[in-house]
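Reviewing the structure listed below.
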Amino acid sequence: MKVTNQLAQLRANSGNISYEEISESTGINPQQLRELENGEANAMKRSFR
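-15 is the number of the first residue of the sequence shown in our numbering; add one for each residue after it.
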């Protein structure tokens, strides 16, 4: 399963948890999480630098 699908599924299963809440626990910028979920190609590279 692609990361984008997993992120969307995680948010849906948890009552639409906010990007900010995910950011606090993962350390990934909320904007990058939005980009990951929307399938923007460069988001993955920037997230794990």
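No residue lacks a Cβ here, since even glycine has one placed at the ideal position from N, Cα and C.
Being a predicted model, the structure only gives us computed values, none of them experimental.
**Message:** Just to confirm the assignment, what range does the alpha helix (DSSP H) spanning I6 have?
**Reply:** 3 to 10
**Item:** S7 to G(-1) span [Cα, whole Å]
**Value:** 16 Å
**Asked** Which two residues bound the contiguous alpha helix (DSSP H) that contains E21?
**Response** 14 to 21
**Request:** Tell me, to the nearest whole angstrom, how far the beta carbon of L20 is from that of L(-9); I am working on the premise that it is less than 8 Å.
**Result:** 6 Å
**Prompt:** Helix, strand or coil: which one does DSSP assign to N0?
**Reply:** coil
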